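Okay, so here's the structure we're looking at.
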Amino acid sequence: MECQVTRMKEQLEEVNNFIRINEFVGFDTETSSMLPFDGKLLAVQIGDFNTQYVIDVQTIGIDNLLPTLNLLKDTIVIGHNLKFDLKWMHYHGIKVDKVFDTFLAECLLTAGLDKENRHLSLQACVSNYFGVRLDKSIRSKIIYEGFSDRVIRYCAEDVKYLSLLRKRQLEKIEEWELEKVMDLENRFVKVLMLMEYYGPIIDTKKWTEVYTLVEKTLGKTVEQLNNIILHNDKLKKYINTEPQLGLEFPDFNNKVADKVLINWSSPIQKLKLLHGLDINVKSTEAKDLIRKRDKHPIVPLLIKYSKWNKLSTSFGRNFLKFIHPVTGRIHPDYFQIIASGRLSCSKPNLLNIPSHGDLAKKIQASFIPKYGNKIVGGDYSNFELRIISEFADEPLWTTTFAEDRDLHSELCTRIFNIREDQVNDPFPLKPDFTYRHVQKIIDFGLSYGMTEFKLGDLLDIPTREARKLINSFFITIPRVKKILSIWAYAATSRGYIRTAPPYRRIRWFPNWNEDLSKVEPYLISAIEREAKNTVPQGSNADCIKEALCLVQDEIDNNNYPVKIMLSIYDEIVTDCKKEFTEEWKVILETLMIKAAKEILKITPVKVNVTISDHWIKD
DNA sequence: CAATCGTGCGCG
DNA sequence: AAAGCGCGCACGATTG
């Protein structure tokens, strides 16, 4: 084994040669922080099984290293979770063209498996594939002890196995025909890196206005709740006799109460109180409480409290802490491949920003483009239902999409036997819902395996009425029922399900067994429901990832003044120079349609594009 | 006191 | 009845 530390500029020529003569190079970095904006690049490791170069970046100087790093664009860079390393490369102006990410390969090969059966870290992969143990703890000592012998050795080990790991993973990728989706994910790393690097900008003034309003409303609600128990002899016994340590009223008035009568965030305390009022609920969630809202004035207040407390804790003043002091942007952490193939997002989660209602409008309006720019957004219309339609080949659905009519309304008229102008009339069994609203619940719910119990529960109608709705739904569109059962059967007979061609991503079902008699019936049902959902949800993910790759390539190839700001499941939000918006709007729409046509071959694609001064949902 | 689980709710 | 799917987060309750 040859592993060496590179400290001198002259030594870099050897590294350069290594990069030039190799089609693939293993690549890793060590840094003093997670983001390049508040730390330094300490080491760059390049190598393969036989040779590793550990480059002491600070000693050699980043400027002296740039020519070497620039050579990377002519090779295929292999790395484990390259989203991290590429962010540092981008910071230093280094472009990397082709990558193979062993972390993403492992994510793809094990999608859907649970914690026990899924080991994604480099140590775990190297251990599982080669039986070699890497010691991560020593590597992290680089900050304290610099390039000591053992640090160098372990830095080198982090690139040593990458090319072998890729080969072993490729065997499996070929075995399971995952080449196409692996390629998609490898192309997508760069895009996701940029979405973290150029994360959204928040108008703090607008955001502050919003949370001031939220805290005021929450405070009032707490006050009203407290007044109810203070003036009701029956309820006084539920008041906490001791101060609830660590709990305070929101100090929206700079006033902090010294004790909390009842902790309105405690389901146990709320449940006791409700039972004391002879209100029989099994939980304190809104869905249950809403049925009892007329029993006592406290019930609607409890619903209100939960809602506003959520807004206050998740989207209140804490949210502003995520604004990076140097960049002024939010730099979230995306996870590239969850079970279905979708993204997830954390610190903060930008995929669950409120978007329904007046307050949500104000929250979204706080997401603004760079000064002088505009937001150009595009979202797919009914993508998941179009996926089902594509494979069900259901005449009613295909003609509705072909004629660009509203699917929910269309189905509504058939299933409830009403005219088109009646779809927004109240639904007789539950008058606060319209027919179309009910239909929407049915369309999504039933497509993913909802039973009459849940539907009855959701619509607050008897189970037998729900059963009738389900029956007429599937009688009206029998081919949808058929394709759903085909997907369910595929999953239970094989133990996995695939998304639509050409990507054909796999999701595994860890509870499955070849001998189905060994699988509990309820687990079989769960696999069936998950499979029914994975095809449309995962195919949608494949599509939006392809679209995002096309969009970023277009931006890069033409130097367009555009940044991808957010992507929420079926929506792409971009930050675009004002003068370019009209032109960009057309390009964005075209590329999103182009991506979708990879999957939807006979079903029309519809994309809605908007230009605005801030994030908005149309 | 930290780790873990459950509840409830935000999004598509 | 574990009887739509996919997530992350805040908070309370429980555990060791």
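The first sequence maps to residues 4 to 621 in the working numbering.
Just so you know, even glycine gets a beta-carbon here, dropped at the ideal spot from N, CA and C.
Keep in mind the model is a prediction, meaning the values are calculated, not measured.
The stretch 459 to 473 makes no contact with the stretch 504 to 524: fewer than 3 CB pairs, one atom from each, lie closer than 8 Å. By the CB criterion at 7 Å, residue 194 and residue 546 fall outside the cutoff.
When the beta-carbon positions are compared, residue 387 and residue 543 come within less than 7 Å of each other. Rounded to the nearest whole angstrom, the C-alpha separation of residue 574 and residue 381 is 6 Å. Distance from residue 480 to residue 399 at the Cβ level is roughly 6 Å; contact confirmed, criterion being Cβ atoms closer than 8 Å. Distance from the CA atom of residue 304 to the CA atom of residue 312, rounded to whole angstroms, is 12 Å. Between residue 146 and residue 78 the beta-carbon gap is near 29 Å, outside 8 Å, which marks them as no contact.
By the neighbour-count criterion, in which a residue is buried when 16 or more other Cβ atoms sit within 10 angstroms of its Cβ, residue 394 is buried. With contacts defined by Cβ atoms closer than 7 Å, residue 607 and residue 405 form a contacting pair. Going by beta carbons, residue 33 and residue 15 fall outside the 7 Å limit. Here DSSP, grouped into helix, strand and coil, assigns residue 568 to strand. Judged by their CB atoms, residue 48 and residue 31 are nearer to each other than the 7 Å cut-off.
Bridge partners of residue 46 according to DSSP: 33 and 59.
Note on residue 372: 16 or more other CB atoms within 10 angstroms of its CB, so buried under the neighbour-count rule.
Annotation note: the stretch 387 to 443 contains the following uninterrupted beta strand (DSSP E) runs of length 3 or greater, listed N- to C-terminal: 433 to 437. Here residue 511 carries a strand assignment [DSSP, helix/strand/coil]. By the Cβ criterion, the stretch 103 to 115 is in contact with the stretch 186 to 204, since at least three pairs of Cβ atoms, one from each stretch, lie closer than 8 Å. Annotation: residue 50 to residue 458 spans about 57 Å, alpha carbon to alpha carbon. Around the CB of residue 332, 16 or more other CB atoms lie within 10 Å, so the residue is classed as buried.
Cβ contact annotation for residue 42 (same chain, cutoff 8 Å, sequence separation greater than five): 34, 35 and 36, in chain order. Burial is judged here by how many other beta carbons sit within 10 angstroms of a residue's own beta carbon; residue 120 has fewer than 16 and is exposed. Residue burial is scored here from C-beta neighbours: residue 329 has fewer than 16 other C-beta atoms within 10 angstroms and is therefore classed as exposed. Each residue's CA atom was taken as its position, placing residue 365 and residue 560 some 35 Å apart. Per DSSP, the continuous alpha helix (DSSP H) segment holding residue 142 begins and ends at 139 to 142. As for any beta strand (DSSP E) of minimum length 3 sitting wholly inside the stretch 101 to 134, the runs are 101 to 104, ordered along the chain. Bridge pairing for residue 610: 383 [DSSP]. Every unbroken stretch of the beta strand (DSSP E) spanning 3 or more residues and falling wholly within the stretch 486 to 539 is given here in chain order: 499 to 501 and 509 to 511.
For residue 214, the enclosing alpha helix (DSSP H) covers residues 207 to 233. Here residue 169 carries a helix assignment [DSSP, helix/strand/coil]. For residue 459, the enclosing alpha helix (DSSP H) covers residues 455 to 462. Secondary structure note for residue 476: its alpha helix (DSSP H) is the uninterrupted segment 466 to 479. Non-local beta-carbon contacts of residue 411 in its own chain, meaning distances under 7 Å to residues more than five positions away in sequence, involve 439, 442, 443 and 446 in chain order. For residue 548, the CB contacts under 7 Å within the same chain, skipping 5 residues up- and downstream, are 187 and 191 in chain order. Two segments are said to touch when three or more pairs of C-beta atoms, one from each, lie closer than 8 Å; by this definition the stretch 487 to 501 touches the stretch 523 to 533. In this chain, residue 97 is not harboured by any beta strand (DSSP E), its DSSP state being neither H nor E.
In the displayed model, residue 448 falls within a helix according to three-state DSSP.
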